[in-house]
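S.K.: In UniProt numbering, the protein residues as written are 1 to 473. Would you mind keeping the following structure in view while I ask a few things?
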């Protein structure tokens, strides 16, 4: 072929694809034509076809007769036309990359060729999964911080609601009308599966580059009752399952369809994403851990800590001190266990910047010194019968920690985006317990004030009473 290229040039000019398959160059010789297609990575099959065709036509170009040159030029022209047609067909073919993440939930992506070239423009996404999920979401980026998200849920009319949202961190993403999205044909509910085919016009606004080889994505879903609402601002409960993955874009690039998920020439490729960690088992483990954290912390801060303090304030029975100590030790053990579970969950889930874990650390620091403070308070009170600095430190440290812990429990429910009925239940219990606790404190202080005003002989009896030597929070 090199000998042909050195001797034959034709007065033919034809536009075809260059070796990088994205620009245009001038072809006027047979060897150049073959070289361009032989080095085109995207169209290997077409290049091999070219090579076979050219090898069968070499004999035409070995004839030196001048009158054949025009015919040879025409052959190059026609051959180029055929190959360009084949190549452009592949170039325009709609490529769809699919990633299924378990439990019947799948995501699809198409990046039009023009978007892949420019790094910006329309992209197309499809979210699908069983209607047994309350909602399904897909987000751009490696975490919830500053992430554009697409949330879908049933609308109650046999279709789906698409809610474009923006997440600032580990809290409920908020509806964002500036995210340019459109629900396309093929969306709806069929055989218990909800599907949303979506065009996004500005999904690159936060730095996502679809001209890159791959990108970071996150996804989540919530088991439970269907939302059945058309409200794009609907409150969504915290996900049961979540994960991040790297989505390879190479088999999602191609085509110019306005709805690639219904296009007749669409080619769907599976396995285009790799997870960044996590599995169904690990998500179940995380759900169990956060549930245990909430239950143990609630028992400690809503039941046993306040109960132990109330017993000390208003108790009038033998062994009141022992009852106080027992309940406080139990409360302390429950809370320390809950704190450890919550700390692990917050660190591994990147929640440490949120108010709930920060306040939780403060409450833990306050309560972890309570046993030592109680022992010092009891020791000096037995000897003096009066409150001193260590007594007031122990009492008020405990009171503040309990009230702050009750409030922080509500912040935890907010962070978890739990259902409203659980928030109401917690609020009622916390309100009743808090009111009883504060009432006991006021009543106990009034009673103590009356006791300290009695005769010295009576005061001496109080100091010697085994039921008054320790004052709790």
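No residue lacks a Cβ here, since even glycine has one placed at the ideal position from N, Cα and C. Owing to the predicted nature of the structure, the values given are computational and were not obtained by experimental measurement.
Check whether the Cβ atoms of residue 261 and residue 115 sit closer than 8 Å, and answer yes or no.
M.R.: As a position in the chain shown, residue 261 is number 261, starting the count at 1. As a position in the chain shown, residue 115 is number 115, starting the count at 1. Contact flag unset, no.
S.K.: Out of curiosity, what's the CA-to-CA distance linking residue 333 and residue 322?
M.R.: Along the chain shown, read from residue 1 onward, the residue named residue 333 stands at position 333. Along the chain shown, read from residue 1 onward, the residue named residue 322 stands at position 322. Approximately 17 Å between the Cα atoms of the pair.
S.K.: Could you tell me which whole alpha helix (DSSP H) segments of length 4 or greater appear in the UniProt domain "DOMON" (108 to 220)?
M.R.: Entirely contained in the UniProt domain "DOMON" (108 to 220), the alpha helix (DSSP H) runs reaching 4 residues are, in chain order, 113 to 118.
S.K.: Determine the DSSP secondary structure at residue 350, reduced to helix, strand or coil.
M.R.: Translated into positions along the chain shown, residue 350 becomes position 350. Correct three-state label for residue 350: coil.
S.K.: Within a Cβ cutoff of 6 Å, which residues of the same chain sit near residue 269, ignoring the five residues on either side of it in sequence?
M.R.: As a position in the chain shown, residue 269 is number 269, starting the count at 1. Excluding positions up to five away in sequence, the list reads 97, 251.
S.K.: State the start and end residues of the unbroken alpha helix (DSSP H) segment that holds residue 255.
M.R.: As a working mapping, residue 255 is identified with position 255 in the chain shown. Residue 255 -> no alpha helix (DSSP H), and no H or E assigned at all.
S.K.: Using C-beta distances below 6 Å, list every residue in its chain close to residue 124, excluding the 5 sequence neighbours before and after it, in chain order.
M.R.: To locate residue 124, count along the chain shown from 1; it is residue 124. Within the same chain, residue 124 has close Cβ partners 110, 199, 260.
S.K.: In its own chain, which residues sit with a C-beta less than 6 Å from the C-beta of residue 397, not counting the 5 before and 5 after it?
M.R.: Working through the chain shown from its first residue, we reach residue 397 at position 397. Taken in chain order, the residues that qualify are 366.
S.K.: Between which residues of its own chain and residue 142 is the CB-CB distance below 8 Å, once the five residues before and five after are set aside?
M.R.: Your numbering for residue 142 matches position 142 in the chain shown. The residues are 216, 218, 244, 276.
S.K.: Looking at the structure shown, is residue 261 part of a helix, part of a strand, or coil, going by DSSP?
M.R.: The count along the chain shown starts at 1 and reaches residue 261 at position 261. Reduced to three states, the DSSP call for residue 261 is coil.
S.K.: Do residue 136 and residue 105 have their C-beta atoms closer together than 8 Å?
M.R.: Your numbering for residue 136 matches position 136 in the chain shown. Your numbering for residue 105 matches position 105 in the chain shown. Contact: yes.
S.K.: Opposite residue 331 in the DSSP bridges: which residues?
M.R.: Start at 1 with the first residue of the chain shown, and residue 331 comes out as number 331. In the DSSP output, where bridge partners are listed per residue, residue 331 has none listed.
S.K.: Tell me the DSSP bridge mates of residue 99?
M.R.: Residue 99 sits at position 99 when you count from the first residue of the chain shown. Note: residue 99 sits in a beta bridge opposite 107.
S.K.: Tell me, please, whether the stretch 431 to 441 touches the stretch 368 to 381 by the rule of three or more beta-carbon pairs shorter than 8 Å.
M.R.: No, the stretch 431 to 441 is not in contact with the stretch 368 to 381.
S.K.: Does the Cβ of residue 231 have 16 or more other Cβ atoms within 10 Å, making it buried, or fewer, making it exposed?
M.R.: By one-based count along the chain shown, residue 231 stands at place 231. Exposed.
S.K.: Straight-line CA distance for residue 413 to residue 99?
M.R.: For the purposes of this step, residue 413 is taken as the residue at position 413 of the chain shown. For the purposes of this step, residue 99 is taken as the residue at position 99 of the chain shown. So the alpha carbons of these two residues sit roughly 32 Å apart.
S.K.: Rounded to whole angstroms, what's the CA-CA distance from residue 204 to residue 406? Just pull it up for me.
M.R.: As a working mapping, residue 204 is identified with position 204 in the chain shown. As a working mapping, residue 406 is identified with position 406 in the chain shown. So the two alpha carbons sit approximately 42 Å from each other.
S.K.: Rounded to whole angstroms, what's the CA-CA distance from residue 112 to residue 129? Just pull it up for me.
M.R.: Numbered from its first residue, the chain shown carries residue 112 at position 112. Numbered from its first residue, the chain shown carries residue 129 at position 129. One C-alpha to the other measures close to 24 Å.
S.K.: If we ignore side chains and look at the alpha-carbon of each, how far apart do residue 328 and residue 161 end up?
M.R.: Along the chain shown, one-based indexing puts residue 328 at 328. Along the chain shown, one-based indexing puts residue 161 at 161. Taking the straight line joining both Cα atoms gives about 50 Å.
S.K.: If you follow the alpha helix (DSSP H) that residue 270 is part of, which residue opens it and which one closes it?
M.R.: As a position in the chain shown, residue 270 is number 270, starting the count at 1. Here residue 270 belongs to no alpha helix (DSSP H); instead the beta strand (DSSP E) covers 267 to 270.
S.K.: In three-state DSSP terms, what is residue 416?
M.R.: Counting from one through the chain shown, the residue named residue 416 turns up at place 416. Reduced to three states, the DSSP call for residue 416 is coil.
S.K.: Taking 8 Å as the cut-off, decide whether the C-beta atoms of residue 290 and residue 345 are in contact.
M.R.: The sequence position of residue 290 within the chain shown is 290, counting from 1. The sequence position of residue 345 within the chain shown is 345, counting from 1. Yes, they are a contact pair.
S.K.: What did DSSP end up calling residue 222 once you bin it into helix, strand or coil?
M.R.: Stepping through the chain shown from its first residue, residue 222 is reached at position 222. Residue state, collapsed to three classes: strand.
S.K.: Figure out for me which residue from 202, 258, 399 has the closest Cα to the Cα of residue 118.
M.R.: The residue labelled residue 118 in the question sits at position 118 within the chain shown. The candidate whose alpha carbon is nearest that of residue 118 is 202.
S.K.: What are the boundary residues of the alpha helix (DSSP H) that residue 364 is part of?
M.R.: Residue 364 sits at position 364 when you count from the first residue of the chain shown. Run containing residue 364: 355 to 368, per the alpha helix (DSSP H) assignment.
S.K.: Name the residue from 212, 399, 446, 171 whose alpha carbon lies nearest to the alpha carbon of residue 237.
M.R.: Locating residue 237 in the chain shown gives position 237, where the first residue counts as 1. Here the closest residue by C-alpha is 171.
S.K.: Look at the alpha carbon of residue 402 and the alpha carbon of residue 359, and state the distance between them as a whole number of angstroms.
M.R.: Residue 402 sits at position 402 when you count from the first residue of the chain shown. Residue 359 sits at position 359 when you count from the first residue of the chain shown. Taking the straight line from one Cα to the other gives about 12 Å.
S.K.: For the beta strand (DSSP E) that residue 244 lies in, which residues bound it at each end?
M.R.: One-based indexing of the chain shown puts residue 244 at position 244. It spans 241 to 248 - the beta strand (DSSP E) in which residue 244 sits, taken as one unbroken run.
S.K.: Assign residue 158 to buried or exposed, taking buried as 16 or more other Cβ atoms, counted over all protein chains shown, within 10 Å of its Cβ.
M.R.: Position 158 of the chain shown, counted from the start, is the residue given in the question as residue 158. It is exposed - the Cβ of residue 158 has fewer than 16 other Cβ atoms within 10 Å.
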